[in-house]
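What follows is a short report on a single structure.
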Amino acid sequence: MLDLDLIPHGVKLQEGLAWLAAAGRRAGIGPERFLQVGMTPARRIFRESSVQVLKYERETPTTARHPILIIPSLINRHYVLDILPGKSLIEFLLAEGFPVYVIEWGAPEDEDRWLTLDRLVGGRLKRALQSVLEHEKADRVHLFGHCLGGTLAMIHALRYPERVASLSLLTSPMDFETGGQLAAWARHPVFDLDAFVEAYGNVPWPLMLASFHLLKPAGSVSKYLRAVKRLRDPSFARTFLALEAWGIDNISFPGACYKALIRELYRENALARGNVKLDGRPVRLEEISFPVLSIASLGDHIVPPEATLAERFLSRESLRYFTRWTTEGGHIGAILGRRAQSELWPRISEWLSRQGERAASAAHLSPLRPSDAPSPGAG
Amino acid sequence: MKKLDTLEKSLDHKLEKLFSNPAFLGSISLLLNANSYRKLATNFALRQVWKALQLPNKRDQERTLHLIQELSHRIDILKDKLDRVRAEPSREQQPAPFPRPARRSARSEAPAAHA
Chain L
1 MLDLDLIPHG VKLQEGLAWL AAAGRRAGIG PERFLQVGMT PARRIFRESS VQVLKYERET
61 PTTARHPILI IPSLINRHYV LDILPGKSLI EFLLAEGFPV YVIEWGAPED EDRWLTLDRL
121 VGGRLKRALQ SVLEHEKADR VHLFGHCLGG TLAMIHALRY PERVASLSLL TSPMDFETGG
181 QLAAWARHPV FDLDAFVEAY GNVPWPLMLA SFHLLKPAGS VSKYLRAVKR LRDPSFARTF
241 LALEAWGIDN ISFPGACYKA LIRELYRENA LARGNVKLDG RPVRLEEISF PVLSIASLGD
301 HIVPPEATLA ERFLSRESLR YFTRWTTEGG HIGAILGRRA QSELWPRISE WLSRQGERAA
361 SAAHLSPLRP SDAPSPGAG
Chain A
380 MKKLDTLEKS LDHKLEKLFS NPAFLGSISL LLNANSYRKL ATNFALRQVW KALQLPNKRD
440 QERTLHLIQE LSHRIDILKD KLDRVRAEPS REQQPAPFPR PARRSARSEA PAAHA
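As given, the protein sequences belong to chains L and A, one line each in that order. Using my numbering, read the first sequence as starting at 1 and increasing by one per residue. Using my numbering, read the second sequence as starting at 380 and increasing by one per residue.
Structure, rendered in structure tokens:
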């Protein structure tokens, strides 16, 4: 299936490593085993094709009113937010009393080349969310989207707001016109998107990984040079290796979804312009009717802060539901770094609790109180 | 380490310029296109071979599996609708369009399902 002619040698090496990782996993010695990534115990409550919903087990009783459903990016594995014990956002949210669920997209099957964005969000994501509601016997859920997962969550939440207690967006792109270099590449008119998807079916993950590395090619090399000096620090070494393992443990992108991503989102900026349709109805950002928290990272070269959800997309009415924070760091560091652990995570938890209370007390539709507005230092 | 930072920044800046250059992007796109067309031609030739052997090719199988999933999706939608209908009060307890007197009195004794 995979046409290796296209893949640069550096990526072939990474593919080899990923193959080794997959082989190791089958033999019970995968990176999860020796790197101890994604260690918070979880069990599957839903499966449809490659998509699974995992529920994280907890020892303490639940105190939150609504469960959290984490929606990761389509090309990444889910465990980045549970990367290592003690450095896990999921572990933290569990300790804060939230029931936490996560969607694991899994590697798409060959037939998923025809899986459209509409079917993915209006079908698989919808049913995954439904499974959480049924399992938790809840009427609403806190959606928690990371990167492109946030974009999918937003599309779904706009179409089905009655199931949403709140939506948190961690470095999620909404305005694809200001999407940095990725947007410039995606919009290049010479690239024959139809032929590409027709030839490859699902877009091979090494190609997508290579494009991410090419955003900062020198940085991709220099991080290893920097790491060499600090590898004697066991905590740094563990985190570095865990993130590197996660970084190459990617999944391919369903072909038809990729077409929609490039054509509708990147080229036509359809979401920001209100031209995306889900289940036959248009979804518009200015119609937000549930609390939304958008977190942008100033040093993010994959999703620049300008590309995340901001006030300019919203109507006066929907602005009342909107909170925006900016943080330091890169695409992942902003969410998992030390500063994020000590400052951002507790604020997220507090914000979620507040929105849960409001949703439960049916004050969901009332304007935000002044305390809900971002603090001046938060950007 | 400072030297490395400076080197990294300047190198990334230069490469970013190169990767944003329309001429460079055009050439890369043409390369990708050429590879896609080559692969399409190979896939087509292989399909013809399978067809000559009267065997379903990979694309046919993928398409069939996808259609099965589509059907399953529609069944799920129908199931959802059915569940919603079942959750509503039964039709017998609803006011009929042209109610007969006997039914009306029976209904008035029954507890209102939607109350």
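Using N, Cα and C, we set each Cβ at its ideal position, and we do this for glycine too. Please read these numbers as outputs of a predicted model, since none were measured by experiment.
Rounded to the nearest angstrom, the gap between the Cα atoms of W114 of chain L and D384 of chain A is 44 Å. Just measuring C-alpha positions, the residue of L:S73, L:R43, L:P108, L:Y101 sitting nearest L444 of chain A is L:P108. According to DSSP, I295 of chain L shares a beta bridge with L:L170, L:W325.
Close to L225 of chain L, with beta-carbon spacing below 8 Å, are these residues of chain A in chain order: L383. DSSP places H301 of chain L outside both helix and strand once states are collapsed to three, so it counts as coil. Contact note: H188 of chain L reaches chain A through P401, L404, G405, I407, S408, using a C-beta cutoff of 9 Å and chain order. A distance of 8 Å or more separates the beta carbons of A195 of chain L and S406 of chain A. Under the Cβ criterion of 8 Å, F46 of chain L is not counted among the residues facing chain A.
Sequence-distant Cβ neighbours of A199 of chain L in its own chain, meaning closer than 6 Å and more than five residues away, do not exist here.
Taking C-beta atoms as the reference points, I68 of chain L and L84 of chain L fail to come closer than 8 Å. When the beta-carbon positions are compared, P305 of chain L and T323 of chain L stay at least 8 Å from each other. DSSP places G145 of chain L in the strand class (E or B) of the three-state scheme.
With respect to chain L, the C-beta atom of Q448 of chain A has a partner C-beta closer than 8 Å. P282 of chain L has L:K277 as its beta-bridge partners, per DSSP. Cβ contact annotation for F423 of chain A (same chain, cutoff 6 Å, sequence separation greater than five): none.
Boundaries of the beta strand (DSSP E) around K55 of chain L: 51-56. Per the DSSP secondary-structure output, T308 of chain L pairs in a beta bridge with L:P173. In this structure, the CA atom of E96 of chain L is about 35 Å from the CA atom of T178 of chain L. H78 of chain L is positioned such that its CB atom lies closer than 8 Å to that of P72 of chain L. The region 327-335 of chain L makes contact with the region 292-304 of chain L, as at least three CB pairs between them are under 8 Å. Judged by DSSP in its simplified three-state form, V80 of chain L adopts helix.
Below the 8 Å Cβ cutoff, chain L contributes V190, F191, D192, A195, F196 as neighbours of N412 of chain A, in chain order.
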